[in-house]
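There are 2 protein chains.
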Amino acid sequence: MSAASTSRSQAERADLARARILDAAIAQFSENGLAGARTEQIAEAAGVNKALLYYYFRSKELLYTAALEAVVEAVKASSLAVLDAHVPAGERFLSIVLNHFDRMYSNRPFQNLMQQEMIRLHRGESNAMGPIAEKLMRPLWARVQAVVEEGIAAGEIIPVEWTQLIYAGLGANVFYFLSAPMARWSQGYDPLSPPALESRRKIAMEFLGQALFIDRAHGARVAARVLAATPMPLTIKPPQAVAPRPANRKLVSVPLNPLK
Amino acid sequence: MSAASTSRSQAERADLARARILDAAIAQFSENGLAGARTEQIAEAAGVNKALLYYYFRSKELLYTAALEAVVEAVKASSLAVLDAHVPAGERFLSIVLNHFDRMYSNRPFQNLMQQEMIRLHRGESNAMGPIAEKLMRPLWARVQAVVEEGIAAGEIIPVEWTQLIYAGLGANVFYFLSAPMARWSQGYDPLSPPALESRRKIAMEFLGQALFIDRAHGARVAARVLAATPMPLTIKPPQAVAPRPANRKLVSVPLNPLK
DNA sequence: CATATTTAACTAACCAGTTAGTAAACTATC
DNA sequence: GATAGTTTACTAACTGGTTAGTTAAATATG
Numbered sequence: 004m005s006a007a008s009t010s011r012s013q014a015e016r017a018d019l020a021r022a023r024i025l026d027a028a029i030a031q032f033s034e035n036g037l038a039g040a041r042t043e044q045i046a047e048a049a050g051v052n053k054a055l056l057y058y059y060f061r062s063k064e065l066l067y068t069a070a071l072e073a074v075v076e077a078v079k080a081s082s083l084a085v086l087d088a089h090v091p092a093g094e095r096f097l098s099i100v101l102n103h104f105d106r107m108y109s110n111r112p113f114q115n116l117m118q119q120e121m122i123r124l125h126r127g128e129s130n131a132m133g134p135i136a137e138k139l140m141r142p143l144w145a146r147v148q149a150v151v152e153e154g155i156a157a158g159e160i161i162p163v164e165w166t167q168l169i170y171a172g173l174g175a176n177v178f179y180f181l182s183a184p185m186a187r188w189s190q191g192y193d194p195l196s197p198p199a200l201e202s203r204r205k206i207a208m209e210f211l212g213q214a215l216f217i218d219r220a221h222g223a224r225v226a227a228r229v230l231a232a233t234p235m236p237l238t239i240k241p242p243q244a245v246a247p248r249p250a251n252r253k254l255v256s257v258p259l260n261p262l263k
Numbered sequence: 004m005s006a007a008s009t010s011r012s013q014a015e016r017a018d019l020a021r022a023r024i025l026d027a028a029i030a031q032f033s034e035n036g037l038a039g040a041r042t043e044q045i046a047e048a049a050g051v052n053k054a055l056l057y058y059y060f061r062s063k064e065l066l067y068t069a070a071l072e073a074v075v076e077a078v079k080a081s082s083l084a085v086l087d088a089h090v091p092a093g094e095r096f097l098s099i100v101l102n103h104f105d106r107m108y109s110n111r112p113f114q115n116l117m118q119q120e121m122i123r124l125h126r127g128e129s130n131a132m133g134p135i136a137e138k139l140m141r142p143l144w145a146r147v148q149a150v151v152e153e154g155i156a157a158g159e160i161i162p163v164e165w166t167q168l169i170y171a172g173l174g175a176n177v178f179y180f181l182s183a184p185m186a187r188w189s190q191g192y193d194p195l196s197p198p199a200l201e202s203r204r205k206i207a208m209e210f211l212g213q214a215l216f217i218d219r220a221h222g223a224r225v226a227a228r229v230l231a232a233t234p235m236p237l238t239i240k241p242p243q244a245v246a247p248r249p250a251n252r253k254l255v256s257v258p259l260n261p262l263k
């Protein structure tokens, strides 16, 4: 720990420490939640003294917020990319659902943190939702709305209220992963194993192809096309790299000012 | 506290205290989770000293388990009833989904506790899932499987893997309520208000009618029939009454008594 | 009285956050 | 290009508040 980094500048070493803290925080918070995570453990995992968390992030809750934002930021790009593909609306919608499905297992921290945030929000405890809602959800939903309504207007997709398509499409994914631990427990088979996942994403696409498209044969072809175009991510994403803190060295983190 | 109940017998008063504790525990645990709930607060809400919780339930976790079981038991009956209706498979499936939807808001403690248990299970913390899985999930899923496969065999429902129908049907419900706090926050409208709920259950049925049935016109009629047959529950269920503990006065703590 | 029930008071553990200090890196001055 | 002074990065040890669980004594009941 002490032997390694003699050559780096102070600022570089500081950035590194900060990044390690954030990484450790993402892991701990996503596994144990805000209340369940232990600051001591985050510090230990980052190879750093506990007080340093407070030096950089002022409080457990602000560290949590920072972790959340880092993860959301990482997801944003990949989510929006799918929406810009130049293909018919129905196909784009299926791509969105498949992209969402794949993210559920390839980016576990995001998935866990989101789930916990929903509960915290429900309890009125969360004040970290602002960025998520603004940066991720709102633009995403707006774009999906456009896609769905375009598909309906074109006579490709069955005419139902657009949000219900989202609830049914993404909800099936959410429910699959939400109930996975219980299925493993009670059915004794693992819905999160690679073969199970591969089979499920295929089934999900085929289902939507039949269910949502007015011409079911056409829907089946679209589903097949989307599956062919989007191979299953092979590797589980390791704890992702995190954005460096801002260049402005004077405004190091939040000024070490006590109290809210 | 002391003045009131002089007329009741010792056993009656004890049963009452126990029931009040369980009620308070259900409320507290469903609102704050196992870790977040405070034993002191449960005791206070039950009008009882904290030590009494330990007298009757031995530990916080066993009290939690008891609360969970009480709630699950209450749900079981109503869930299974829908499956026994003497109507075609497609209609029965839609009834199941609608029943599930209605329970999400009319039995909030159940909904909250289940959600939390899923997360706890995911973290490997839960040892309370046994009863839920055995008593509720397994029989329920088995019955739904039968219904779905009957509908497919009869050529009424589109031929897809049966679990995907469950994921899509129930998942849409789950996702609707899971994302409700965020929708309220970011769209500024309340998906949990009675008008929104009424509209949503109609939309959900119409969607399934169009999406799942090979003959979409027939599906639309089935959806309308199910909606007509199942009026929206008017009142939110108040914290439910709890049954007295068993006659056997020696087995004070763990074994749990059924409820209504 | 003896037993069952209920309580007030206590404790041991835990944990977020603080403090007061050190060492190294950086900057200014000559 | 050495030296003194300043800022930044970091730590060990502590604090104060909280909470699950215990104990021993009190009160009702039969």
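As they're listed, the protein sequences go chains B and H.
Residue 162 in the numbering used here sits at position 159 of the first sequence; the count goes up by one each step and never skips.
Residue 230 in the numbering used here sits at position 227 of the second sequence; the count goes up by one each step and never skips.
All C-beta atoms in this analysis are idealised placements derived from N, C-alpha and C, irrespective of residue type, glycine included.
The structure presented is a predicted model; accordingly, all values stated were derived computationally and were not measured.
Give a yes or no on whether the minimum CB-CB distance between residue i and chain B is below 8 Å.
| i | result |
| --- | --- |
| His89 of chain H | no |
| Ala38 of chain H | yes |
| Met208 of chain H | no |
| Pro184 of chain H | yes |
Determine, for residue i, whether the minimum Cβ-Cβ distance to residues of chain H falls below 8 Å.
| i | result |
| --- | --- |
| Ala174 of chain B | According to the sequence as given, residue 174 of chain B is Gly; it is not Ala. So yes, Gly174 of chain B belongs to the interface. |
| Val225 of chain B | no |
| Ser12 of chain B | no |
Just the chain H side, please: which residues come within less than 8 Å of residue i by C-beta, in chain order?
| i | result |
| --- | --- |
| Trp188 of chain B | Leu124, Met132 and Ala136 |
| Met121 of chain B | Leu181, Ser182, Pro184 and Met185 |
From this set, the options, which residue's C-alpha is nearest residue i's C-alpha?
| i | options | result |
| --- | --- | --- |
| Ser196 of chain B | B:Leu55, B:Asp105, B:Lys53 and B:Ala22 | B:Asp105 |
| Leu211 of chain B | B:Gly174, B:Asp193 and B:Ser189 | B:Gly174 |
| Ile24 of chain B | B:Arg61, B:Ser12 and B:Ala38 | B:Arg61 |
| Arg199 of chain B | H:Glu34, H:Ala88, H:Gln167 and H:Phe96 | It should be noted that the sequence gives Ala, not Arg, for residue 199 of chain B. Per the Cα distances, H:Gln167. |
| Ser270 of chain B | H:Ile122, H:Asn176, H:Ala17 and H:Gly172 | No answer is possible for residue 270 of chain B: it lies beyond the span of chain B, which begins at 4 and ends at 263. |
| Ile99 of chain H | H:Leu19, H:Arg21, H:Ala14 and H:Asn176 | H:Asn176 |
| Ala48 of chain H | H:Ala22, H:Met208, H:Ala220 and H:Ala69 | H:Ala22 |
| Arg41 of chain H | H:Tyr58, H:Glu64, H:Ala149 and H:Ala20 | H:Glu64 |
| Gly154 of chain B | B:Met117, B:Phe216 and B:Ala131 | B:Phe216 |
| Ala69 of chain B | B:Glu94, B:Glu15, B:Met132 and B:Gln114 | B:Met132 |
| Arg126 of chain B | H:Met185, H:His125, H:Gln148 and H:Gly158 | H:Met185 |
| Glu128 of chain H | H:His221, H:Ala38 and H:Arg219 | H:Ala38 |
By Cβ distance below 6 Å, which residues in the same chain neighbour residue i in space, the five residues on each side in sequence not counted?
| i | result |
| --- | --- |
| Gly36 of chain H | Gln119 |
| Ala156 of chain H | none |
| Arg146 of chain B | Leu86 |
| Gln190 of chain B | none |
| Phe113 of chain B | Val74 and Val78 |
| Ile135 of chain H | Val75 |
| Lys53 of chain B | Thr42, Glu43 and Ala46 |
Residues of chain B with CB closer than 7 Å to the CB of residue i, please, in chain order.
| i | result |
| --- | --- |
| Met140 of chain H | Met185 and Ser189 |
| Leu215 of chain H | Ala214 |
Give every residue of the same chain whose Cβ lies closer than 7 Å to the Cβ of residue i, excluding the five residues on either side of it in the sequence, and list them in chain order.
| i | result |
| --- | --- |
| Ala183 of chain B | Pro194 and Leu195 |
| Leu66 of chain B | Ala28, Leu56 and Phe60 |
| Tyr179 of chain B | Pro194 and Arg203 |
| Pro236 of chain H | Asp105 and Ser109 |
| Met208 of chain B | Leu97, Leu101, Ala226, Val229 and Leu230 |
| Lys79 of chain H | Lys138 and Leu139 |
| Gln13 of chain B | none |
| Glu201 of chain B | Met235 |
For residue i, which residues in the same chain have their Cβ closer than 8 Å to its Cβ, ignoring the five residues on either side in sequence?
| i | result |
| --- | --- |
| Arg224 of chain B | Gly212 |
| Asn102 of chain B | Ser81, Ser82, Val85 and Thr233 |
| Lys205 of chain B | Leu230 |
| Val151 of chain H | Ala92, Phe96, Ile160, Trp165, Leu168 and Ile169 |
Name the chain B residues that come within less than 8 Å of residue i, Cβ to Cβ?
| i | result |
| --- | --- |
| Val177 of chain H | Gly174, Val177, Phe178 and Leu181 |
ask   = Which residues, taken in chain order from the segment 106 to 118 of chain B, show a beta carbon closer than 9 Å to some beta carbon of chain H?
value = Asn115 and Gln118
inquiry  = Along the segment 161 to 172 of chain B, where does the CB come closer than 7 Å to a CB of chain H? Name the residues.
reply    = Ile161, Val163, Glu164, Gln167, Tyr170 and Ala171
key: Members of the segment 15 to 42 of chain B near chain H, C-beta cut-off 9 Å   = Glu34, Asn35, Gly36, Ala38 and Gly39
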